[in-house]
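*Asks:* Following this note's numbering, the numbering of the sequence shown begins with 1 at its first residue and continues without gaps.
Below you'll find the structure I mean.
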Amino acid sequence: MRNSTKAPALTRITTRYVAHEDRVQLAGELAGAGEVTVWLTLRLLNQLLPRLLSGLEQQRADFSRGETLRDEKLRGEILHGFAQRKAMAEMPATAPVKVSDNAASWVAEAVLISRLANGVTLTFRARDGREVLLSLMGEMLRQWLAIVYYAYGAAKWPGDFWPTWLVESTQPTAPAGLTVH
Numbered sequence: 001m002r003n004s005t006k007a008p009a010l011t012r013i014t015t016r017y018v019a020h021e022d023r024v025q026l027a028g029e030l031a032g033a034g035e036v037t038v039w040l041t042l043r044l045l046n047q048l049l050p051r052l053l054s055g056l057e058q059q060r061a062d063f064s065r066g067e068t069l070r071d072e073k074l075r076g077e078i079l080h081g082f083a084q085r086k087a088m089a090e091m092p093a094t095a096p097v098k099v100s101d102n103a104a105s106w107v108a109e110a111v112l113i114s115r116l117a118n119g120v121t122l123t124f125r126a127r128d129g130r131e132v133l134l135s136l137m138g139e140m141l142r143q144w145l146a147i148v149y150y151a152y153g154a155a156k157w158p159g160d161f162w163p164t165w166l167v168e169s170t171q172p173t174a175p176a177g178l179t180v181h
């Protein structure tokens with residue numbers, strides 16, 4: 001059952017894989033409400049990430065100027081690769097979010113994706129009804145996807161859904177300061 005109050009928004013996050021939990025930790029600061037840790041399972045991420053990636057791929061420009069489908073796909077991959085490299089280059093190096101031991105901590109059981117003109121808002125929900133909003137606008141979505149890609153690598157999780165343009169555009173190792181504001 002959905003409660004009528006709006007979920008608190010995450011204003012700053014740090015995303016990382018935690019081996020002893022075998023989950024991705026989303027440590028965040030809430031707008032005026034303290035801190036929270038939201039745990040993201042492989043199952044949830046495997047449902048979420050292909051949808052986010054396909055949304056990005058649908059945003060590409062129309063290249064149907066008589067080009068073959070193969071040429072159009074290649075041009076789209078090149079443009080996405082450039083956009084991904086640009087987003088990675090502009091990722092600010094900041095201190096990670098530290099959550100206190102008494103901060104709320106829960107496992108996300110579901111996520112609602114709200115597509116916006118220049119990004120997405122993700123609403124992560126717990127089984128008990130708790131939820132938080134994460135807005136990823138512009139290049140922040142690409143930056144967060146790269147961070148989650150690195151987390152998959154650290155976890156050694158399979159990820160056949162990662163597109164070539166993202167895989168080839170990321171650095172071999174994670175950059176310092178994996179915090180998104």
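A virtual CB, placed ideally from N, CA and C, is assigned to each residue, including glycine.
In chain order, what residues of the same chain have a beta carbon less than 7 angstroms from the beta carbon of Trp157, not counting five sequence neighbours either side?
*Replies:* Taking the sequence shown and counting its residues from 1, the one referred to as residue 157 is at position 157. Once the five neighbours on either side are set aside, the close Cβ partners of Trp157 are Leu42.
*Asks:* Taking the straight line between their C-alpha atoms, what separation do you get for Val36 and Phe124?
*Replies:* Residue mapping note: residue 36 aligns to position 36 of the sequence shown, counting from 1. Residue mapping note: residue 124 aligns to position 124 of the sequence shown, counting from 1. One C-alpha to the other measures close to 12 angstroms.
*Asks:* Could you give the distance in angstroms between the alpha-carbon of Gly193 and the alpha-carbon of Met137?
*Replies:* In the structure as shown, the chain starts at 1 and stops at 181, and residue 193 therefore has no counterpart that could be examined.
*Asks:* Measuring straight from C-alpha to C-alpha, what distance separates His20 and Leu45?
*Replies:* Counted from its first residue, the sequence shown places residue 20 at position 20. Counted from its first residue, the sequence shown places residue 45 at position 45. Using only the alpha carbons, I get a separation of about 18 angstroms.
*Asks:* Return the bridge partner residues of Leu17 from the DSSP annotation.
*Replies:* Start at 1 with the first residue of the sequence shown, and residue 17 comes out as number 17. In the sequence as presented, Leu is not what sits at residue 17; that position holds Tyr. The partner list for Tyr17 (beta bridge, DSSP) reads Val24.
*Asks:* Taking Asn102 as the reference, which of Gly34, Arg51, Ala126 and Thr94 has the closest Cα?
*Replies:* Working through the sequence shown from its first residue, we reach residue 102 at position 102. Nearest of Gly34, Arg51, Ala126 and Thr94 to Asn102, Cα basis: Gly34.
*Asks:* Enumerate in chain order the residues of its own chain whose CB-to-CB distance from Arg16 is below 6 angstroms, with the five nearest sequence positions on each side excluded.
*Replies:* Indexing the sequence shown from 1 puts residue 16 at position 16. Same-chain partners within the cutoff: Gln25.
*Asks:* If you draw a straight line from the alpha carbon of Arg51 to that of Tyr152, how long is it in whole angstroms?
*Replies:* Indexing the sequence shown from 1 puts residue 51 at position 51. Indexing the sequence shown from 1 puts residue 152 at position 152. Cα to Cα, the separation comes out at about 17 angstroms.
*Asks:* Could you tell me how far apart the beta carbons of Thr14 and Val97 are, in whole angstroms, since I believe they sit closer than 8 angstroms?
*Replies:* Within the sequence shown, residue 14 is the residue found at index 14, counting from 1. Within the sequence shown, residue 97 is the residue found at index 97, counting from 1. Confirmed, about 4 angstroms.
*Asks:* Check this for me: beta carbons of Leu10 and Leu134, under 7 angstroms apart or not?
*Replies:* The residue given as residue 10 occupies position 10 in the sequence shown. The residue given as residue 134 occupies position 134 in the sequence shown. Result yes, Cβ atoms of Leu10 and Leu134 sit closer than 7 angstroms.
*Asks:* I believe Val148 touches Val38 by the beta-carbon criterion, under 8 angstroms. Please report the beta-carbon distance rounded to the nearest angstrom.
*Replies:* Residue 148 sits at position 148 when you count from the first residue of the sequence shown. Residue 38 sits at position 38 when you count from the first residue of the sequence shown. With 8 angstroms as the limit, Val148 and Val38 do not qualify as a contact, their Cβ atoms being about 13 angstroms apart.
*Asks:* Taking the C-alpha atoms as reference points, what is the distance between Pro163 and Glu29?
*Replies:* Start at 1 with the first residue of the sequence shown, and residue 163 comes out as number 163. Start at 1 with the first residue of the sequence shown, and residue 29 comes out as number 29. The straight-line gap from Cα to Cα measures roughly 30 angstroms.
*Asks:* What's the call for Val120, buried or exposed, on a 16-neighbour Cβ count within 10 Å?
*Replies:* Counting from one through the sequence shown, the residue named residue 120 turns up at place 120. Buried, by the Cβ-count rule.
*Asks:* Could you say which of Asn118, Gly129 and Ala93 lies nearest to Trp106 if we only look at CA atoms?
*Replies:* The count along the sequence shown starts at 1 and reaches residue 106 at position 106. When each option's Cα is compared against that of Trp106, the closest is Gly129.
*Asks:* In whole angstroms, what is the alpha-carbon distance linking Leu53 and Arg127?
*Replies:* As a working note, residue 53 is residue 53 in the sequence shown. As a working note, residue 127 is residue 127 in the sequence shown. The alpha-carbon atoms of Leu53 and Arg127 are separated by roughly 26 angstroms.
*Asks:* Could you please give me the residues that DSSP links to Met137 through a beta bridge?
*Replies:* Within the sequence shown, numbered from 1, the residue matching residue 137 stands at position 137. Bridge partners of Met137: Gly119.
*Asks:* In this structure, how does DSSP classify Arg43 when only helix, strand and coil are distinguished?
*Replies:* Here residue 43 corresponds to residue number 43 of the sequence shown, with the count starting at 1. It is helical.
*Asks:* Given that a residue counts as buried once 16 or more other Cβ atoms are within 10 Å of its Cβ, and exposed if not, what is Gln47?
*Replies:* Against the sequence shown, residue 47 aligns to sequence position 47. Exposed is the call here.
*Asks:* Where do the N-terminal and C-terminal ends of the beta strand (DSSP E) with Trp165 fall, by residue?
*Replies:* For the purposes of this step, residue 165 is identified with residue 165 of the sequence shown, where counting begins at 1. That residue, Trp165, is in no beta strand (DSSP E); its alpha helix (DSSP H) goes Thr164 to Ser169.
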